[in-house]
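Take 31 as the starting number for the sequence shown in this note's numbering and just add one per residue. Using N, Cα and C, we set each Cβ at its ideal position, and we do this for glycine too. Following: one structure in structure tokens, then a few remarks.
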Amino acid sequence: MTLKIGIFSCYYQFLALSEDTDHMIKIYRNKYQFDAKVISTKCACHTIHEIRSPKSRCDWIRFPFLNQRKPFLFLAYILDLFRGILFYFKSMKYDIIHFQQVSGAFSFVSLIPLLALPSSPKKLVLVHFLHPLQRKFPWLNEIYKHADLVGVHSQSTKDELLRLSTLPEEEIKIIPLGVHIPELTDRTRDKLIFLGRPTPEKGFLTALKALKILKEHGKPQFLHIFGAYTENEREIALNYAKKLDVEDYLYWGGSLSETELNHKLQEAIVLFVLHTYSHGGSSTLVHGMANGAPIIATDVGGLKETLGKGGILIPPNNPEALAAAIQKLITNRDLRIRYSERSRERAETIFSWETVIDYQLQLLGALPNS
Numbered sequence: 031m032t033l034k035i036g037i038f039s040c041y042y043q044f045l046a047l048s049e050d051t052d053h054m055i056k057i058y059r060n061k062y063q064f065d066a067k068v069i070s071t072k073c074a075c076h077t078i079h080e081i082r083s084p085k086s087r088c089d090w091i092r093f094p095f096l097n098q099r100k101p102f103l104f105l106a107y108i109l110d111l112f113r114g115i116l117f118y119f120k121s122m123k124y125d126i127i128h129f130q131q132v133s134g135a136f137s138f139v140s141l142i143p144l145l146a147l148p149s150s151p152k153k154l155v156l157v158h159f160l161h162p163l164q165r166k167f168p169w170l171n172e173i174y175k176h177a178d179l180v181g182v183h184s185q186s187t188k189d190e191l192l193r194l195s196t197l198p199e200e201e202i203k204i205i206p207l208g209v210h211i212p213e214l215t216d217r218t219r220d221k222l223i224f225l226g227r228p229t230p231e232k233g234f235l236t237a238l239k240a241l242k243i244l245k246e247h248g249k250p251q252f253l254h255i256f257g258a259y260t261e262n263e264r265e266i267a268l269n270y271a272k273k274l275d276v277e278d279y280l281y282w283g284g285s286l287s288e289t290e291l292n293h294k295l296q297e298a299i300v301l302f303v304l305h306t307y308s309h310g311g312s313s314t315l316v317h318g319m320a321n322g323a324p325i326i327a328t329d330v331g332g333l334k335e336t337l338g339k340g341g342i343l344i345p346p347n348n349p350e351a352l353a354a355a356i357q358k359l360i361t362n363r364d365l366r367i368r369y370s371e372r373s374r375e376r377a378e379t380i381f382s383w384e385t386v387i388d389y390q391l392q393l394l395g396a397l398p399n400s
């Protein structure tokens, strides 16, 4: 009998990540002969793109989405609970369910009914980051005891979850973020790249201030911005840039397909991953590593664990340190090559979908012939 796997994820809300998810689905199907599908609904991460549904690969649920901001927060939580009940009924036809806990439609609140109500599928919960309610009401975290496997992307997230619950340490596993490892092409690395939403919490304001410092020292640099940002986010970011007099040094590239994204990351002389808050893992970071990009990342959450020795770590919200790191990389070709080779090798060894999926199935006791 073919094993059926349902993956609760918002990946199909993103153009590049949807293609990356296709690689994950193909591994389940071609390597293990499992019937794997993404179960998806409107996701809070972004609402720019309509869901991308490759034939027979997405189990689509239509459900209303409410912006999770006051004064709608309580109502949004109620909707998330009802969404979780829909998830529960949808999960009944699968042998294994894999819930990627992020935010909005796939937040901890939506997960609660899926774990609290009795069902037969094995349950893997992969916690990308914790919900505010989990910190405010730590007793809620006991719901994870109903999962067959709880995974996190970093030791820092594991330590926080252990502090907020009575879960035994051995029941929380560190599972790397998966990524497709693309073929490297012979492209010139000459671009400073910021990938993601250009917001202060993603470190974009720090990047702009670093550009200003470099400009004032007679070493101006252009910054290429790619990602699923909204027009409103772009306008706000552009206003910041105008105040710092660096708006002419920005190139806005918008959303890219996976192939386009890989090509751009292989043109990166430096990739910024500048989170200002604790973050279990970073899709931007592992995609950059998979493409051998020299990386500057902030030393917060699990970014240090993910990057290893594949780039430069700086403190968050520190434009002086960022400007110095940029100058160090763009003037030292040997250092760039060394970081590029290290990050690519680390991605191939630890973060490839083949490695991650095999590890997940091993932990669940679901490997064929195991």
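Cβ separation of residue i and residue j, assumed to be a contact under 8 Å, to the nearest whole Å
i, j, result
"Gly181", "Thr314", "Contact flag wrong, Cβ pair sits at about 20 Å."
"Ser140", "Arg113", "5 Å"
"Pro162", "Leu111", "Contact flag wrong, Cβ pair sits at about 16 Å."
"Ser373", "Ala298", "Not really, about 11 Å apart at Cβ, beyond 8 Å."
"Phe38", "Ile127", "7 Å"
"Pro398", "Tyr62", "6 Å"
"Phe136", "Gln164", "About 14 Å; that fails the 8 Å criterion."
"Ile55", "Glu384", "Not really, about 13 Å apart at Cβ, beyond 8 Å."
"Glu49", "Ser287", "6 Å"
C-beta atoms of residue i and residue j nearer than 8 Å
i, j, result
"Ile338", "Ser308", "At residue 338 the sequence reads Gly, which differs from the Ile that was named. Not closer than 8 Å, so no."
"Ser285", "Gly318", "no"
"Ile325", "Gly310", "no"
"Val209", "Phe381", "yes"
"Gln131", "Val155", "yes"
"Ile35", "Asp125", "yes"
"Glu172", "Ser195", "yes"
"Tyr259", "Leu238", "no"
"Lys120", "Leu394", "no"
"Lys188", "Ile205", "no"
"Ile360", "Val300", "yes"
"Leu214", "Leu191", "no"
"Ile344", "Leu222", "no"
Residue i classed as buried or exposed, judged by whether at least 16 other C-beta atoms fall within 10 angstroms
i, result
"Met122", "exposed"
"Asn362", "exposed"
"Glu265", "exposed"
"Arg219", "buried"
"Pro228", "buried"
"Arg366", "buried"
"Tyr118", "buried"
"Gly248", "exposed"
"Trp169", "exposed"
"Trp146", "According to the sequence displayed, residue 146 carries Ala and not Trp. Exposed, by the Cβ-count rule."
"Leu105", "exposed"
"Phe234", "buried"
"Leu109", "buried"
"Pro198", "exposed"
"Lys67", "buried"
"Asn292", "buried"
"Lys175", "exposed"
"Ser236", "In the sequence on display, residue 236 carries Thr and not Ser. Thr236 is buried by the Cβ-count criterion."
"Phe129", "buried"
"Ser86", "With a pLDDT of 44 at Ser86, under the threshold of 50, the modelled position of that residue is not reliable, and no figure is offered here."
"Gln4", "One cannot answer for residue 4 here, as it falls past the ends of the chain, which runs 31 to 400."
"Thr289", "exposed"
Beta-carbon proximity list for residue i, same chain, < 7 Å, skipping 5 on both sides
i, result
"Leu241", "Gln251, Leu253, Val276 and Tyr279"
"Trp377", "Correcting the residue type first, residue 377 is Ala in the shown sequence and not Trp. Once the five neighbours on either side are set aside, the close Cβ partners of Ala377 are Val209, Ile211, Val316, Met319 and Ala320."
"Trp282", "Ile255 and Arg264"
"Pro84", "In this prediction, Pro84 has a pLDDT of 43, which is less than 50 and means its spatial position is unreliable; nothing more can be read from the coordinates."
"Phe64", "Thr32, Leu33, Ile35 and Tyr58"
Identity of the residues DSSP links to residue i by a beta bridge
i, result
"Ile35", "Ala66 and Ile126"
"Ala327", "Val303 and Leu343"
"Lys221", "Ala298"
"Ile255", "Phe224 and Trp282"
"Leu154", "His128 and Leu179"
"Ile17", "Any answer about residue 17 is impossible in this case: the structure gives the chain only from 31 up to 400."
"Val209", "Ser382"
"Lys404", "Because residue 404 is not part of the residues shown, which for the chain are 31 to 400, the question remains open."
Same chain, Cβ closer than 6 Å to residue i, five either side skipped, listed in chain order
i, result
"His183", "Leu207, Gly310, Gly311 and Gly332"
"Leu295", "Gly318, Asn321 and Ala323"
"Pro346", "Thr306, Thr328 and Val330"
"Ala353", "Ala240, Ile243 and Leu244"
"Ile115", "Pro143"
Residues near residue i in its chain [Cβ-Cβ closer than 8 Å; skip 5 each side]
i, result
"Glu80", "With a pLDDT of 41 at Glu80, under the threshold of 50, the predicted position of this residue should be treated as unreliable, though the coordinate-derived value follows. Closer than 8 Å at Cβ, skipping near neighbours: no residue."
"Glu231", "His305, Thr306 and Tyr307"
"Val386", "Ile205, Pro206, Leu207 and Gly208"
"Thr379", "Thr385"
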